[in-house]
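The next block holds one structure in the form of structure tokens; read it before the comments.
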Amino acid sequence: MVRFDWPLHCTIWMGLLGWCSLTPVLAQEEAIEAQPQEEAIEARPLARTTNYRIEVELDPESKTLEGRQTVTWSNIQEQPTDELWFHLYWNAWRNNRSTWMLENRIRRRFSGRDVEEADWGYIEVSSVRLLPGMGYLGGDLTAAMRFAAPDDGNPEDRTALVVPLPTPVGPGETIQVEVSWRSKIPRTFARTGFRGDFFFFAHWFPKLGVFEEEGWNNHQFHAATEFYSDYGTYDVSITVPESYVLGATGKEVDLEVHPDETATHRYRQEDVHEFAWTTSPDYLVREARFAEPGLPSVNMRLLLQPEHLEQAERHFDATRAALRHYGNWYGPYPYDHLTIVDPAYGSGAGGMEYPTLFTAGTRLFNPFGGGSPEGVTVHEAGHQFWYALVGDNEFEHAWLDEGLNEFSEARVMDVTHGDSILVRRYLSPPGMSGSGFFPVVFRDIKRTRLGASGLDTYRSSATSDSQSTPTYEYFPASANAITYSKTALWLLTLERYLGWDVLQEIMSTFFDRWTFRHPRPQDFFHVANEVSGRDLTWFFDEVYRGSDAFDYAVASVSSERIEVDGWVEGSEGELVYSEGEEEPEMYRTEVVVRRNGGAVFPVEVQMVFQDGTEVRKQWDGASRWELYIEERPSKLEYAVVDPERKLVLDLYYTNNSRRLSPASTFPARKWGSKWMIWLQDLLATFAFFV
Amino acid sequence: MSVVKGIFVGLWRAVASPGLVVWLWLVNLVVALPAAGVISESLRSSIGASLVHQDMAAGFDMDWYGEFREGADGLEATFTPTVVGVGAFYSNIEDWLFGGLFRQFPGVVALGAVYALLWVLFVGGILDRFTDSGGFFRLSRFFTVGGRFFFRFLRLAVFSGVLYFLVYRFAGWLFGRIDDWTRDVTVERTVLAVVLMGTAFVALLLSLVNVVFDYAKIATFVEDRRSMLLAALRGLRFVLSHPARTLGLYFGLGSLGVVLLALYGYVAPGAAQSTVTGVVVAFLVGQAYLIAKLMLRLAFYGGELSIYQDAARAEERGEPSEAPEAPEVTESAE
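Each protein sequence line maps, in turn, to chains A and B.
The letter at position 674 of the first sequence is residue 674 when you use the numbering used here, and the numbering goes up by one with no holes.
To convert, take the position in the second sequence, counting from 1, and add 690; that gives the numbering used here.
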């Protein structure tokens, strides 16, 4: 396990940041030596490229935001640009014609039919001005701005805004633009919006895309993808009713109360790529501290629903678990504060990550051990590492944060809680959103780490897309399975194949190398090859570039007494005719294993004999089938392909083992009898009606 | 007759009819058995000779279940790990409350319909058993009497079915409105309270239909009525004129059902039986609960019958009913 020397690491890191904030470009990292099959990636610059100063006012009655922002942007690429591209994410909920809406219909997550007038949301940019200074004359750019749909050409989509510039911005140059806008707050879509007097705001302002070597990377808002933006400093002044409690990315640096019973909260945060905030008059505020030897301390601020007061410590404990384990495994959380938001009931804002702030989500009566709210809290706290610190492009390679984080969450939950207990919620009336109100715990039915890693989710979508397809082009209905579950499963496979020490070093190296930067998939593969000292291209070909399924199976087993038929040599060398004579205590065991799926992975074949002896064979897994023959003085007991279950991507593990003896009927009868009791009661319920 | 006495009479009549209880339990068992055989065979086929059988013998393997569920359709798809213990009954109560019974796999609904038809046939025999002064339970008499009333009770079942359908439609509408009304409520306790009130109201409506048609059947049986429409009206009139006794008995026995479920929840075996003996004991505990529930259903009929007969005797003596007299429904002889 790699442990970080925090003071040294911190000093280097802070020094780099300080230098980069003065010169908005150009920390060029040493080129990484390439492994033969993985392309060498030049480290991209580390910079506070995009800095925002925003003033925004919430009108909770009309459900609107009025905002004005000054964006200071530096061109850190080597080519000029004569445009600025902004995301206007909230326009995804302007009407039912946006790309986000169309794709969600394919996902069957949202029909758009039941949305009332007050539920829609939008963002309208009223002016864009280039501010004079830094060598630019300034001017009003409003008239020239236009919407673009670079991904699908949907003319109804208004989530990407292009602002032509009168003069190109050259490499190393910096400009300032002032943008005024007004938003209608939606009833929650994509974790953003309102319910009653609860508000959550994410991706709520006109937000610059990322200018890359290839040009502006500014995708439309899609159903199955999230976000991508540059790091910078956010200085945000938010005016809300004075009685409202507010939480936001960063730390509050100023509070001004106005005579009209409003208050302006000023929050500031350096080196983040997003700013989210929430406000409600109902929040309870609780604070606690994370302190762990070898890791920097963190002040945790929990905005809690009053009805969840007794669950406050569970939120803190889960956040501590994430900070501790991610910190020890990958690298320290560098900010000294973290805000945990317990969103309002039914708000749909739970389970989402933003820099230095995340939303968890819990319910009344949540039993301990059922995985909630611990799982979602660990997951979203974990995104502070994979997403907030290592800032991949979630439009194109969402697996780089979601998948790595899904794997890490499952690992933390496994380390801290073990298998979770099955919980089913009852009392789910028809026509009502959400799951049931009353949880029932099934204490002796456990959900394993494989379940937590999403094997069931992945199984039904295993071949739907190759992971190397840009995420926004995934089939919307199965995008999550490929992004979250497949990655978590192949990382767990890699953990079992290489060992945790090696994988942990791979991930910590990747984390260290790409903190505050935008890694691409090749960067991860390159680090994996470099750190493991192996060429893992074959593995990434299967799991990343391919979309085939893994499924190994024991097709048949037999074990029979060896008999001799025909002419054999006698004891004195003479020919003797043998008719089915048995050799003493020798059995010929035949095991046929098959590769049912298209994907290949080296596996072990284990044969266990009735006398307790065991034979293991290595199979490269490439052929469609293999026959293993053993002649031993004992019959076979059972055979297993991949006995340690290293290949957790194997979709059907039940067929990986086979006993020589006929199938036992005991488990089937046991569970059949339990099912029968359910059916008998169901029948009795039918009899109620007559 | 007081409610308490009615409850005791009902329970006593159920307890005093072991032959009837055993017969009804056997029918329940036999109807369920073939489907259980199909499920057992599906499980056996899925688990096969794999090593998963060890996990499934000792407990439950959720990883295997994920594979099973992936390929399960039809009846197989009704198998979930939550059939363990009291979870099975919670599911059924929820399905009863919200009409989920009829959204089950069609094969299960068909089986339920067959079972319900059998009960239409049995109700006459059950009531006859409770009016019979003694003697052994005889199937020939049970079926003779049941058969005599079968088509009449079938018509009643159709009438009540229309009302149950309307209640479920109303429930769908009601909870949809509750969802709308609470869409700006940020406190789960508040929404839960409203949902509980709505659920209680739906349960009340279902119970009212049930109790009215219970008395309709009793009136049909006792008075040998031919018009089921008028019998239904007679049941309604009887409940309206004796609300405290009829509803008191109904909800008193219903409360006993809740207590019974809670007791079963306390002792219900989980998933951990790894021996044949353990499985048999778990099965028997489940059967004991089902028999108790069956007896409770019989206690409803027994108690309601005694209240009806008692009220009829009181009416003959000219004693007043609890509520102002509703207009008499007359029936011409056929």
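Glycine is no exception: its CB is placed at the ideal position from the N, C-alpha and C atoms.
Counting along the chain, tyrosine 552/A sits inside no alpha helix (DSSP H); it lies in the beta strand (DSSP E) bounded by residues 552-569.
DSSP lists Arg594/A as the bridge partner or partners of tryptophan 625/A. Look at the stretch 961-1012 of chain B and you find these whole runs of alpha helix (DSSP H), each 4 residues long or longer: 966-1006. For tryptophan 786/B, the nearest beta carbon of chain A is closer than 7 Å to its own beta carbon. Distance check between arginine 831/B and each of Gly992/B, Trp871/B, Gln977/B, Gly709/B places Gly709/B closest, using alpha-carbon atoms only.
For asparagine 218/A, the three-state secondary structure derived from DSSP is coil. Relative to glutamine 606/A, the option among Asp642/A, Thr589/A, Arg314/A whose CA is nearest is Asp642/A. If you compare the alpha carbons of Val877/B, Val852/B, Val881/B, Thr876/B with that of glycine 866/B, the shortest gap goes to Val881/B. Rounded to the nearest whole angstrom, the C-alpha separation of phenylalanine 510/A and phenylalanine 524/A is 6 Å. Within the stretch 601-624 of chain A, no residue has a Cβ lying closer than 8 Å to any Cβ of chain B. Judged by DSSP in its simplified three-state form, glycine 348/A adopts coil rather than helix or strand.
Taken atom to atom, the span from the alpha-carbon of glutamine 794/B to that of phenylalanine 609/A is near 46 Å. When the Cα atoms are used, isoleucine 175/A and phenylalanine 516/A turn out to be separated by approximately 22 Å. Counting along the chain, the unbroken beta strand (DSSP E) around leucine 165/A starts and ends at 160-169. Alanine 318/A does not reach chain B, its nearest Cβ partner there being about 20 Å away, counting only Cβ pairs nearer than 9 Å.
Straight-line spacing of the CA atoms in phenylalanine 820/B and arginine 703/B works out to 6 Å. Taken through DSSP and simplified to helix, strand or coil, methionine 586/A comes out as strand.
With contacts defined as CB atoms closer than 7 Å, valine 603/A and glutamate 626/A fail to qualify as a contacting pair. Burial is judged here by how many other beta carbons sit within 10 angstroms of a residue's own beta carbon; alanine 883/B has fewer than 16 and is exposed. Separation of the CB atoms of glutamate 760/B and serine 126/A is rounded to 52 Å, and the pair is thereby denied contact status at 8 Å. Residues are counted here when their Cβ sits less than 8 Å from a Cβ of chain A; for the stretch 811-832 of chain B these are Val813, given in chain order. Judged by DSSP secondary structure, phenylalanine 198/A falls within the beta strand (DSSP E) whose first and last residues are 198-201. DSSP places isoleucine 54/A in no alpha helix (DSSP H) but in the uninterrupted beta strand (DSSP E) bounded by 50-59.
With a 10 Å radius around the Cβ and a threshold of 16 neighbouring Cβ atoms, alanine 143/A comes out exposed. Only buried fits threonine 457/A, as 16 or more other CB atoms lie within 10 angstroms of its CB. Within chain B, the residues placing a beta-carbon under 8 Å from that of leucine 683/A are Asn718, Val721, Ala722, Leu801, Gly802, Tyr805, ordered along the chain.
Residues Pro959, Gln963 of the same chain have their beta carbon placed closer than 8 Å to that of valine 971/B, with the five preceding and five following residues left out of the count. Judged by DSSP in its simplified three-state form, proline 296/A adopts strand. For serine 183/A, the enclosing beta strand (DSSP E) has its first and last residue at 174-184. Secondary structure within the stretch 809-891 of chain B: the alpha helix (DSSP H) runs of 4 or more consecutive residues, fully enclosed, are 829-871 (chain order). Put simply, the CB of leucine 309/A is far from chain B, with every gap to its CB atoms at 7 Å or more. The C-alpha of serine 740/B is placed about 20 Å away from the C-alpha of glycine 621/A. Your pair alanine 549/A and glycine 597/A checks out as a contact, with CB atoms roughly 4 Å apart and the cut at 8 Å. For glycine 451/A, at least one C-beta of chain B is nearer than 7 Å to its own C-beta. For serine 657/A, the C-beta contacts it makes with chain B under 7 Å involve Ser740, Leu741, in order along the chain. Three or more Cβ pairs closer than 8 Å define a contact, and the stretch 324-331 of chain A meets that threshold against the stretch 411-418 of chain A.
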